[in-house]
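Counting in our numbering, the first sequence runs without a single skipped number right up to 1548 at its last residue.
Where is the CB? At the ideal position from N, CA and C, for every residue including glycine.
No experiment lies behind these values; they were computed from the predicted model shown.
Comments concern the structure below.
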Amino acid sequence: MRMEPVRDGFFDRPTLELAQALLGMLLVCVTEEGAAAGRIVETEAYIGPEDRAAHSYGNRRTPRTEVMFGPPGRAYVYVMHTHSLFNVTSGKEGKPEAVLVRAVEPVLGLELMRARRGPVKRPYDLTNGPGKLTKALGITKADYGRPLTAPPLFIAQGRPAEAVACGPRIGIEGSGEARFYPWRFWEAGNPYVSGGRGAAARE
DNA sequence: AAGTGGATTGGCT
DNA sequence: GCCAATCCACTTG
């Protein structure tokens, strides 16, 4: 299986387009334990100063959001409760935008992912959520700021998504009107989409 | 120096 | 469906 990192130019496109372009792509993480990769099946766009749900709302520039103000195609990892969440930075230098990866479908390193995650009730529970996939792939805050065009953490070409659906983002109820923006994208029918019962249950 | 609040998950009622 | 777990960035005093 070929897993060549994408070129830097892959990330140079509007964030709503990048969020959809990432569907079907592979997220690859190499650690001392080995390599693991998942095919991205669900994403959410967070678009800079105007998006109340974004950490960079109002151009809020802090040590945490700093990477979003840099060039696109870097890892923005932050801790939410007990879990790490992984984003791809987007938007040109100075534009603090990002795409959250919410779910992947395991492609490589299945045993490693199982060992990291422990027992799960159903196969798709392994990577069907933003906190789950980082644990399965081995992504941590140490990856903050890494360019996604070379090991140990990178995006590679995968099997393109066949049908893309969109809808409101998850978990941002306190964000006013922004909660209704249809900036969540997923591959229709894919069981690894977050929500517990796979995409099929909501379509 | 202390308080607040999540872009979540998993277990229990 | 509800809620605790448990971390830390950020705000306020």
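- If you check the CB distance, L1493 and G1418 come in under 7 angstroms.
- Across the set S1520, P1527, A1501, the C-alpha of A1501 shows the shortest separation from the C-alpha of R1352.
- A1533 is not a Cβ neighbour of M1458, given a cutoff of 7 angstroms.
- In the pairwise beta carbon analysis, the stretch 1433 to 1445 is classified as not touching the stretch 1459 to 1466: fewer than three pairs are separated by under 8 angstroms.
- F1431 sits buried, since 16 or more C-beta atoms from the chains shown fall within 10 Å of its C-beta.
- Contact between A1390 and W1528 is confirmed by a C-beta separation of about 4 angstroms, below the 8 angstroms threshold.
- Contact annotation, C1374 with I1484: C-beta distance approximately 6 angstroms; criterion of less than 8 angstroms satisfied.
- Collapsing the DSSP output to three states places N1432 in a strand.
- Per the coordinates, the alpha-carbon of T1427 lies some 11 angstroms from the alpha-carbon of K1480.
- Residue nearest to S1401 within the set S1539, F1525, S1520 is S1520 (criterion: CA-CA distance).
- The beta-carbon separation of V1446 and K1486, rounded to 15 angstroms, does not stay under the 8 angstroms limit for a contact.
- Per DSSP, the continuous alpha helix (DSSP H) segment holding A1460 begins and ends at 1455 to 1462.
- Y1537 and G1383 have their C-alpha atoms some 10 angstroms from each other.
- Sixteen is the threshold: since fewer than 16 other Cβ atoms of the shown chains lie within 10 Å of the Cβ of E1507, the residue is exposed.
- Judged by their CB atoms, L1363 and V1509 are not nearer to each other than the 7 angstroms cut-off.
- When A1495, N1535, S1539, P1513 are compared, the shortest CA-CA separation from P1350 is found for A1495.
- Beta-bridge analysis with DSSP links V1386 to no other residue.
- In this structure, Q1365 and F1525 do not form a Cβ contact; the two beta carbons are roughly 19 angstroms apart against a cut-off of 8 angstroms.
- At the C-beta level, A1448 and S1539 come within 7 angstroms of one another.
- Within the model, the alpha-carbon separation for L1455 versus L1371 is close to 14 angstroms.
- Straight-line measurement puts the Cα of L1453 at about 38 angstroms from the Cα of N1404.
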